[in-house]
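Student: In our numbering, the protein residues as written are 73 to 313. Glycine included, each C-beta is placed from N, C-alpha and C at the ideal position. This structure is a prediction, so every number in the text was calculated from the model and none was measured. Got a structure for you, written out below as structure tokens; questions coming shortly.
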Ligand SMILES: C[S@@+](CC[C@H](N)C(=O)[O-])C[C@H]1O[C@@H](n2cnc3c(N)ncnc32)[C@H](O)[C@@H]1O
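Structure below.
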């Protein structure tokens, strides 16, 4: 067996273990975990595109809701020397796994960047740092409209003017919920969609569909304006597709 085979096998075993870990956490708390499996490579690449396009500039990046690190693993090799990455994860077992991932990541040994894992809810993150890019993996459609407004407004406040927020939303969840969930749940989901639509009308710079993910997802890029942000409730800009 050569070195490539053994390292390839190690990666497969690790991904398999992470898949199980994700499933166990989803069984524990599906609302917060938000999915049954980690994101695909295609989704991770679409989410991290704003980091790629700004390299080789050193960037301050925040990843919220990193889970087992499916997106983190794609993100780290794209960071230029001198960049900073803050990873925020609410689930303590995922946070522990992320600390292992960061400590063992080969790119960070050869190209040092400042990477920290914070085990907290992103809306409670206590920092004076401002970010060039925020990559959000949060399952926003599982939350209340009030929580979503709080999270979105804190994302906008945490971005530098001109900074980009990137996040995903699974396709078809609202229809599925309307068919299977209670009326109250369907109303909650519709109200969250309204909050998100207001932010999209104000700040979206792009939306892409990633089919190579289970389930497929839309990736949104939102940009904090260079001038004072408008109230998203009253904005009516078109969205570039
Ligand atoms: C859908 S998973 C995404 C995981 C990973 N980014 C991926 O794409 O595979 C959502 C993650 O967000 C975390 N999470 C949920 N609410 C959070 C919050 N308010 N603050 C920080 N993390 C949160 C969950 O524990 C979970 O790991």
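Is residue 143 near ligand 1, going by C-beta to nearest heavy atom under 8 Å?
Tutor: Counted from its first residue, the chain shown places residue 143 at position 71. Checking every heavy atom of ligand 1 against the Cβ of residue 143, one is found closer than 8 Å.
Student: Out of 128, 98 and 273, which has the shortest C-alpha to C-alpha gap to residue 154?
Tutor: For this step, residue 154 is matched to residue 82 along the chain shown. Residue 154 has its Cα closest to that of 128, out of 128, 98 and 273.
Student: Tell me whether residue 103 is buried or exposed, calling it buried when 16 or more other Cβ atoms sit within 10 Å of its Cβ.
Tutor: For the purposes of this step, residue 103 is taken as residue 31 along the chain shown, with counting starting at 1. Its Cβ having fewer than 16 others within 10 Å, residue 103 is exposed.
Student: Mind checking residue 298: buried by the 16 CB within 10 Å criterion, or exposed?
Tutor: Position 226 of the chain shown, counted from the first residue, corresponds to residue 298. Classification of residue 298: exposed, given that the 10 Å Cβ count is below 16.
Student: To the nearest whole angstrom, what separates the beta carbons of residue 138 and residue 144, a pair I think is in contact under 8 Å?
Tutor: Reading the chain shown from its first residue, position 66 is the one you call residue 138. Reading the chain shown from its first residue, position 72 is the one you call residue 144. So it is a contact: roughly 5 Å between Cβ atoms.
Student: For the candidate residues 159, 96 and 150, whose alpha-carbon lies nearest to that of residue 191?
Tutor: Residue mapping note: residue 191 aligns to position 119 of the chain shown, counting from 1. For the residues 159, 96 and 150, the minimum Cα distance to residue 191 belongs to 159.
Student: Beta-carbon separation of residue 133 and residue 123 under 9 Å?
Tutor: As a position in the chain shown, residue 133 is number 61, starting the count at 1. As a position in the chain shown, residue 123 is number 51, starting the count at 1. A contact, by the Cβ cut-off of 9 Å.
Student: Would you call the segment 267–279 in contact with the segment 212–226, where contact means no fewer than 3 C-beta pairs closer than 8 Å?
Tutor: Contact holds: three or more Cβ-Cβ distances are below 8 Å.
Student: Taking C-alpha atoms, which residue in 258, 166 and 121 lies nearest to residue 193?
Tutor: Sequence index remark: in the chain shown, residue 193 carries index 121 (1-based). Of the listed residues, the one whose Cα sits closest to residue 193 is 166.
Student: Determine contact between the segment 274–286 and the segment 101–115, defined as no fewer than three beta-carbon pairs at a distance below 8 Å.
Tutor: yes
Student: Give a yes or no on whether 9 Å exceeds the smallest Cβ distance from residue 94 to chain D.
Tutor: In summary, chain D is missing from the structure at hand, where a single protein chain is found.
Student: Using the Cα positions of residue 207 and residue 150, report the straight-line distance between them to the nearest angstrom.
Tutor: For the purposes of this step, residue 207 is identified with residue 135 of the chain shown, where counting begins at 1. For the purposes of this step, residue 150 is identified with residue 78 of the chain shown, where counting begins at 1. Spanning the two alpha carbons is a distance of roughly 13 Å.
Student: Roughly how many whole angstroms lie between the Cα atoms of residue 188 and residue 157?
Tutor: Taking the chain shown and counting its residues from 1, the one referred to as residue 188 is at position 116. Taking the chain shown and counting its residues from 1, the one referred to as residue 157 is at position 85. Going from the Cα of residue 188 to the Cα of residue 157 covers about 6 Å.
Student: Rounded to whole angstroms, how far is the Cβ of residue 242 from the Cβ of residue 184, which I believe are closer than 8 Å?
Tutor: Locating residue 242 in the chain shown gives position 170, counting from the first residue. Locating residue 184 in the chain shown gives position 112, counting from the first residue. Residue 242 to residue 184, Cβ: 35 Å. No contact.
Student: Measuring CB to CB, does residue 224 end up less than 9 Å from residue 296?
Tutor: Working through the chain shown from its first residue, we reach residue 224 at position 152. Working through the chain shown from its first residue, we reach residue 296 at position 224. Going by C-beta atoms, residue 224 is not nearer than 9 Å to residue 296.
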